[in-house]
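Those sequence lines, one after another, are chains A and B. Using this note's numbering, read the first sequence as starting at 1 and increasing by one per residue. Using this note's numbering, read the second sequence as starting at 1 and increasing by one per residue.
Protein chains: 2
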Amino acid sequence: MIEDKNQPRTSLSELGEFGLIDHLTKNFKINHNSTIKGVGDDGAILNFSNRQIVVTTDLLVEGVHFDLSYMPLKHLGYKAVMVNLSDVYAMNGAATQITVSIAVSNRFPLEALEELYEGIFAACEAYNVDLIGGDTTSSTKGLLISITAIGEVEKGKAVYRNTAKQNDLLVVSGDLGGAYLGLQVLEREKQVFEVNPNSQPDLTDYTYLIERQLKPEARKDIVKLLKELEVKPTAMIDISDGLSSEILHICKQSKVGCNLYEEKIPLDQQVISTCEEFDLNSTTVALSGGEDYELLFTISPNDFPKIKGNPHLTVIGHITEESEGVNLVTRANQKVALTAQGWNALNKN
Amino acid sequence: MIEDKNQPRTSLSELGEFGLIDHLTKNFKINHNSTIKGVGDDGAILNFSNRQIVVTTDLLVEGVHFDLSYMPLKHLGYKAVMVNLSDVYAMNGAATQITVSIAVSNRFPLEALEELYEGIFAACEAYNVDLIGGDTTSSTKGLLISITAIGEVEKGKAVYRNTAKQNDLLVVSGDLGGAYLGLQVLEREKQVFEVNPNSQPDLTDYTYLIERQLKPEARKDIVKLLKELEVKPTAMIDISDGLSSEILHICKQSKVGCNLYEEKIPLDQQVISTCEEFDLNSTTVALSGGEDYELLFTISPNDFPKIKGNPHLTVIGHITEESEGVNLVTRANQKVALTAQGWNALNKN
């Protein structure tokens with residue numbers, strides 16, 4: 001979204017496809033020895049010697065995954081990279097390269113794409129990732145971003161979803177529900193703005209939530225932390241669709257059950273107060289909100305002393321036999337079956 | 001497109017995102033030792049030991065790159081893979097894996113995506129490529145396909161665009177202009193059909209052209225042939241945008257000039273006869289038509305005896321000093337500067 005309506009608008013057709021790629025990527029630097037050849041040929045050439053490679057890809061569509069009326073393009077570029085890096089970290093990998101393809105309608109001037117690439121650039125800088133290629137094309141409607149992220153992982157160190165074991169502890173990084181509530185706050189402000197374009201929103205009570213929505217950070221630090229603590233998770237996934245959905249993925253693929261303890265789910269104070277304000281159940285928000293980009297993993301109970309008391313990590317449950325099912329143990333100590341939508345008991349409301 | 005209007009239509013929402021990926025990819029097999037983990041986790045895990053890796057990506061948008069009124073979905077799936085593999089071969093690599101992401105509007109039933117994936121499956125089978133991941137999402141309009149192809153290449157064997165040398169010979173595989181003319185024939189038939197839906201098109205005179213447009217093949221065989229002939233091209237690119245544009249890429253990036261001989265450009269008999277019928281200049285079509293997915297490369301003159309007389313390869317010019325410029329030498333032995341659009345003299349018409 002272009003806030004200053006008087007800023008220059010350069011038509012994309014003035015550059016042509018090749019000029020556009022050159023222009024948008026000219027500030028990007030190659031930092032990794034594994035990048036032999038980046039942007040500018042039919043393909044990139046990479047060399048990982050004896051390490052294994054992680055490949056992951058995500059597609060973000062305007063009107064489905066983002067709304068440019070409150071998502072600044074620079075933030076969108078940053079977030080689009082985070083969404084992909086998060087998947088690399090969830091494999092216990094180190095992200096090293098990305099390709100970025102975009103389809104844009106002619107309503108976007110060059111300056112809009114420059115903003116988008118500023119965010120992509122900031123993400124590449126902050127996470128030490130090389131942009132090695134991509135494609136730009138016109139679309140018949142809206143903006144679409146397709147990113148493929150590549151990373152490296154030592155042989156035998158990749159962590160899958162299907163390897164959780166009975167008695168393992170279920171651990172999550174950071175806290176949950178913030179990104180979803182940030183979206184609710186932004187949606188409300190959008191509606192207020194549509195009614196009264198002169199309204200000045202006071203968002204100081206929601207800064208953390210809005211940052212979680214507009215500028216999420218992938219948990220590169222957690223992968224590093226676990227390595228330092230000498231903890232190799234037995235299974236790992238990132239939380240893009242909500243805690244509930246991700247626990248179910250791990251349990252289904254690992255053929256195990258799980259008890260998740262409601263009282264253990266980590267929530268920020270802003271999440272709790274905003275849930276009260278919006279009359280939402282904070283557990284439901286954490287279970288089903290999504291977009292938190294935290295890491296959810298299981299560890300051997302023997303590793304518990306290594307993570308105990310770490311402020312970035314919370315033990316929220318434990319793995320059981322498959323026959324016991326996947327359950328939320330409520331604060332009232334009742335067991336309720338978890339569903340991909342969150343929680344049956346609440347869905348009935 | 002769905003030709004039988006009575007065939008079943010299953011709404012995509014009946015499956016959900018995860019069910020959809022599982023359903024569409026269930027027949028795909030993993031063939032490469034380098035694929036350690038394919039579809040089904042946050043990312044794929046690959047292992048190329050000491051070989052280098054080629055990564056390339058392309059985005060195809062309905063209404064921009066394809067028209068479903070004459071492009072069957074199965075062919076579209078096949079072609080989308082070819083477009084990407086062609087880039088891997090143009091790096092002198094062997095394609096080994098792809099990721100496929102699609103965005104689809106709700107006008108597409110499950111059966112349409114099954115057709116698309118049948119084509120992707122056929123391409124993976126024919127070219128021995130593993131599908132290792134992807135993303136499916138809804139779009140607000142139309143169909144969009146984003147593919148990333150990964151390949152391997154021995155250290156030092158990758159061939160770039162920027163390494164052509166003076167006196168090298170310019171060589172092209174196959175013949176040119178067919179795909180563009182196939183598109184013209186299909187566009188004409190579409191217009192006829194719109195006027196008279198009962199018309200029965202007779203396309204027997206254009207079978208080669210239509211196949212070049214609807215079912216192009218990437219030139220994996222040429223990479224293999226060159227290896228057998230012990231010819232390592234000095235520079236290589238695939239012809240996606242037209243011969244002229246690709247020659248200019250090689251010359252600009254290699255800082256050389258080139259003489260291209262009009263009389264040497266390989267044309268199929270159907271290209272020649274259809275150009276006459278459509279009143280098009282066949283040289284212009286070959287230079288600017290695009291979508292031929294042939295390989296254009298330069299070789300040392302010392303290698304000429306190795307390729308001489310090979311029916312798959314045609315020497316069409318030679319590399320000169322940069323100061324001599326990039327020229328077409330016409331049948332009348334006139335030198336005309338090449339432009340990305342083809343040929344200045346013709347563009348003035």
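Virtual Cβ for every residue (Gly too), placed ideally from N, Cα, C. Remember, it's a predicted structure, so these values are computed and weren't measured experimentally.
With respect to A44/A, I132/A sits close: the two C-beta atoms are nearer than 8 Å. Residue pairing by DSSP places A103/A opposite T137/A and L144/A in a beta bridge. Going by DSSP, T330/B is part of no beta strand (DSSP E) at all; its letter is neither H nor E. The secondary-structure analysis by DSSP pairs K37/B across a beta bridge with I45/B. Not flagged as an interface residue toward chain A: L267/B, since no C-beta distance is shorter than 8 Å. It is roughly 11 Å from the alpha-carbon of K157/A to the alpha-carbon of A235/A.
Beta-bridge partners of A235/A (DSSP): T298/A. At the C-beta level, I239/B and D292/B come within 8 Å of one another. Taking C-beta separations shorter than 8 Å and ignoring five residues to either side along the sequence, the partners of K155/A in its chain run N50, R51 and Q52, following chain order. The beta-carbon separation of G325/B and G257/B, rounded to 5 Å, stays under the 8 Å limit for a contact. For K141/B, the nearest CB of chain A lies under 8 Å from its own CB, placing it at the interface with that chain. Beta-bridge partners assigned by DSSP to I319/A: C258/A. Interface residue (Cβ-Cβ distance to chain B less than 8 Å): T163/A is not classified as such.
Taking a 10 Å sphere around the C-beta of P216/A, we find 16 or more other C-beta atoms and assign the residue as buried. Residue-level contact check: A44/B touches chain A, since one or more beta carbons of chain A fall below 8 Å from its beta carbon. Going by C-alpha positions, T140/B is about 24 Å away from G242/A. Counting of Cβ neighbours within 10 angstroms places T298/A among the buried residues, the total reaching 16 or more. Assignment of E62/A by DSSP, reduced to helix, strand and coil, places it in the strand class. Here V326/B carries a strand assignment [DSSP, helix/strand/coil]. Taking a 10 Å sphere around the C-beta of A332/B, we find fewer than 16 other C-beta atoms and assign the residue as exposed. The beta carbon of Y180/B sits closer than 7 Å to those of V285, G289, G290 and E291, all from its chain and outside the five residues before and after it, given in chain order.
Boundaries cannot be given for S199/B, as no alpha helix (DSSP H) includes it and DSSP labels it neither H nor E.
Shown here, Q191/A sits in a helix according to DSSP, grouped into three states.
For Y160/A, the neighbours in chain B by C-beta distance under 7 Å run, in chain order, K37 and D41. If you ignore the 5 residues before and after S245/B, its C-beta comes within less than 6 Å of the C-beta of A340, all in its own chain and listed in chain order. The beta carbon of S11/B lies closer than 8 Å to those of N106, P109 and L110 in the same chain, with the five residues before and after it left out. Shown here, S173/A sits in a strand according to DSSP, grouped into three states.
Residue pairing for D130/A: DSSP places it in a beta bridge opposite Q97/A.
With respect to chain B, the C-beta atom of M82/A has no partner C-beta closer than 8 Å.
V153/B sits in a strand when the DSSP states are folded into three classes. Between the segment 117-132 of chain B and the segment 93-104 of chain B, the count of Cβ pairs shorter than 8 Å is three or higher; the stretches touch. Setting aside the 5 residues that flank it on each side, T330/A is surrounded in the same chain by E262 and V336, each with a C-beta closer than 7 Å to its C-beta; the list follows chain order.
Apart from sequence neighbours up to five positions away, the residues of its chain that approach T148/B with a beta-carbon distance below 6 Å are T57 and T99, ordered along the chain. Residue nearest to G134/B within the set P301/A, L60/A, S69/A and I36/A is L60/A (criterion: CA-CA distance). Inter-segment contact for the segment 75-91 of chain A and the segment 194-212 of chain A is absent: fewer than three beta-carbon pairs are separated by less than 8 Å.
Its Cα nearest to that of N27/B, the residue G119/B stands out among Q191/B, G119/B, N92/B and N259/B.
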